[in-house]
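Single-structure report; data block below.
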Amino acid sequence: MTGIPSETPVEVLAFNEWVADRTRHAPAVWEVGAAAGRQAREEGRSLLGPPSLSPRASVRTIDGPGGPIRLRVIRPDGRPARGIFLHIHGGGWVWGGPHHHDPQMTALADATGLISVSTSYRLAPEHPYPAGPDDCEAAALWLHRNAIDAFGHELVAIGGESAGGHLAAVTLVRLRDRHGLTPFRAALLTYGAFDLRGTPSMRAFGDLPMILNTSSIEWFVELFAGGQDLENPDISPIWSDLRGLPPALFTVGALDPLLDDSLFMAARWKSAGNPAPLDVWPGALHAFDLYDNAYGRSARNRMHEFLNAVLDEAR
């Protein structure tokens, strides 16, 4: 794989300053609220800008435990497909949707030959735990049973970022424990929230204006899991039995309040006997890989290389 810089590049420092300038005087997430935050994302008024929709994307709807689940499908271009990648989007379990990740999923499909299938799931606070995990479990089960008939290939990999990384880990454990299934050969667990009690890096981060901070994480967790036992392994997957799970690449920025979630989860993943390479990107903020700059592209390229290496070895 390509190397990670040992120090923070100058362009990353400039990007961090841009983020700080844009967020320093922005209202807190709880002042914006769930519905208005979703609308702002759709209208391009978030730091990520407007959604960039791919003309190659199609949507398939399946039945879910709480209503229809939308699967957004992007096939590789210019190469044969070789499997299905189940993607679970982030957004604090409150915001976001599969269509917000078309650029990243298009690049993944073309670089790996995997058909990207990005699932919707019910969002908090209207649908708190366990609605989101239930929908992701249902999508994974449907793909395991129907992917060959529907897409001509089997389900082989899973991944997600932030809340999506959390839901991907929960889905892996649920399929193993509830259904006796281990269909995944590889996982991308990208700056996930794996211990919702709050790790040291989260608690110590404070209210720095850096996309995500201590107070905003606490707000998201309260909407998703308020009143629940945060040591429940189905809510905080770091408490799960992690044996028999697939190789997983953990990716996180050194300036992400969820840094320790990845450090601790990667260590537990590895101690359970599973390969768990860990990429810590110097100076990188939460969600840094979603931006179309050199750092973001480098991180995504490493994810593609990891998937290719694991899947090629599994042939």
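Counted the way the working numbering counts, the sequence shown spans residues 20 to 334. Even glycine gets a Cβ: it sits at the ideal position worked out from N, Cα and C.
Own chain residues within Cβ distance below 6 Å of residue i, not counting five before or after
i: T131; result: H323, L326, N327
i: M20; result: Low local confidence applies: a pLDDT of 42 at M20 is under 50, so the model's placement there is unreliable, with the coordinate-based value given in what follows. So the list reads R321, E324, once near-sequence residues are dropped.
i: V136; result: L90, V92, I103, L105
i: P87; result: T80
i: L261; result: R287, W288, A291
Spatial distance of residue i from residue j (CA atoms)
i: D129; j: P122; result: 11 Å
i: Q8; j: G116; result: Because the chain spans 20 through 334 in this model, residue 8 falls outside it and cannot be assessed.
i: H185; j: I230; result: 18 Å
i: A295; j: A286; result: 8 Å
i: R193; j: Y148; result: 14 Å
i: A55; j: V78; result: 25 Å
i: I23; j: I107; result: 25 Å
i: S25; j: S317; result: 14 Å
i: H118; j: T27; result: 31 Å
i: G315; j: E30; result: 11 Å
i: G111; j: R164; result: 29 Å
i: G245; j: E145; result: 12 Å
First through last residue of the alpha helix (DSSP H) which encompasses residue i
i: D168; result: 150 to 170
i: S290; result: 278 to 290
i: W112; result: Where W112 is concerned, there is no enclosing alpha helix (DSSP H), given that its DSSP letter is neither H nor E.
i: A128; result: 121 to 131
i: S220; result: 219 to 224
i: T359; result: In the structure displayed, the chain extends from 20 to 334; residue 359 sits before or after that span and is not available.
i: F307; result: First-last for F307: undefined, no H or E at that position.
Nearest-angstrom Cβ-Cβ length linking residue i and residue j, presumed shorter than 8 Å
i: L207; j: S255; result: Between S255 and L207 the Cβ distance is about 20 Å, and since that is not below 8 Å, they are no contact.
i: C155; j: T201; result: Incorrect: roughly 16 Å between the Cβ atoms, too far for contact.
i: Y210; j: E180; result: 6 Å
i: D82; j: P152; result: Actually they do not touch by this definition, with Cβ atoms about 17 Å apart.
i: S281; j: L297; result: 7 Å
Other residues of its chain near residue i: CB distance less than 7 Å, five sequence neighbours each side excluded
i: A150; result: G85, R141
i: T233; result: M221, R222, F224, G225, D226, P276
i: L304; result: N35, V38, M229, I230, G272, L274, D275
i: R334; result: none
For residue i, the first and last residue of its enclosing beta strand (DSSP E)
i: G56; result: Where G56 is concerned, there is no enclosing beta strand (DSSP E), although the alpha helix (DSSP H) it sits in stretches over 53 to 61.
i: D331; result: Not the beta strand (DSSP E): D331 falls in the alpha helix (DSSP H), residues 313 to 332.
i: S77; result: 77 to 83
i: E173; result: Per DSSP, E173 belongs to no beta strand (DSSP E) and is neither H nor E.
i: F104; result: 102 to 107
i: A267; result: 267 to 272
Cβ of residue i within 8 Å of any chain C Cβ
i: I167; result: Among the chains of the structure shown, chain C does not appear; only one protein chain is present.
8 Å Cβ shell around residue i - same chain, five flanking residues per side excluded
i: E250; result: R216, W258
### 3-residue-minimum beta strand (DSSP E) runs that sit fully inside the region 183 to 209, ordered along the chain
205 to 209
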